[in-house]
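J.:
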Amino acid sequence: MITIAPVLETPNLILRGHSAADYDRLAAMWADPLVVKHIGARASTAQEAWFRLLRYMGHWPALGYGYWAVCERESGLYIGDVGLADHKRGLHPEFDATPEAGWVITPPMAGRGFATEATHAILDWYEASYGRARTVCMIESVHTGSIRVANKLGYERFAEITMPAGPVSLFQRL
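Numbering (my numbering), first residue to last: 4 to 177.
#1: Could you pull out every unbroken beta strand (DSSP E) segment of at least 3 residues lying fully inside the region 25-75, listed in chain order?
#2: When the Cβ atoms of the region 84-93 are set against those of the region 43-62, are three or more pairs found closer than 8 Å?
#3: Using the C-alpha atoms, what's the distance from His123 back to Ala1?
#4: So within the region 105-156, which uninterrupted alpha helix (DSSP H) runs reach at least 4 residues, ignoring any that extend past its ends?
#5: Work out the CA separation of Asn15 and Cys74 for me, nearest whole Å.
#6: From Ile5, Val10 and Leu18, pick the residue whose C-alpha is nearest to that of Ala118; which is it?
#7: Please classify Ala8: is it buried, with 16 or more other beta-carbons within 10 angstroms of its beta-carbon, or exposed?
Here it is in structure tokens:
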């Protein structure tokens with residue numbers, strides 16, 4: 004089983020495992036109201052950001068997959084997070100216990116295709132490492148930008164649920 008995030012390179016990005024050195028940028032990103040607007044609508048506290056970072060790093064030895072830090076190739080700047088996780092959400096029988104894809108890019112870097120590029124790379128890695136398998140993702144139904152990313156990656160909506168922040172679409176990629 005893979006226990007650390009491999010480095011993945013794309014034309015515009017370098018995806019690498021998170022480290023404690025990422026905390027300040029990760030905490031700032033997850034405290035930004037624009038970042039969380041469609042992800043629960045509540046900015047993360049410093050402690051929540053720290054726990055998120057630890058969760059990202061801990062997925063790898065526990066499950067053999069997890070999240071990567073997304074860095075712009077040109078500048079080396081940390082610009083977001085992308086990966087697969089098992090959040091044990093208890094949302095829907097066809098959603099739970101399936102690797103859940105997620106992506107977030109800092110607002111100044113959003114809209115450049117980085118989320119699609121990064122997520123495509125990690126899905127290719129997952130399939131090369133573990134074979135073609137179903138993955139899922141959840142997106143607030145009003146978040147059209149993220150829904151476009153999901154569709155470009157081959158995800159299709161299979162259910163709608165209601166979360167505290169509003170309606171959420173569940174997607175799958177077979």
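Don't be surprised by glycine CBs; every beta carbon is placed ideally from N, CA and C.
T.: Reading from the atomic positions:
#1: 70-75
#2: In the pairwise beta carbon analysis, the region 84-93 is classified as touching the region 43-62: at least three pairs are separated by under 8 Å.
#3: What is shown of the chain runs 4 to 177, which leaves residue 1 out entirely.
#4: 117-133 and 147-155
#5: For the purposes of this step, residue 74 is taken as residue 71 along the sequence shown, with counting starting at 1. For the purposes of this step, residue 15 is taken as residue 12 along the sequence shown, with counting starting at 1. Approximately 9 Å, taken between the alpha carbons.
#6: Translated into positions along the sequence shown, residue 118 becomes position 115. Looking at the Cα atoms, Leu18 is the closest of the given residues.
#7: Within the sequence shown, numbered from 1, the residue matching residue 8 stands at position 5. Result: buried.
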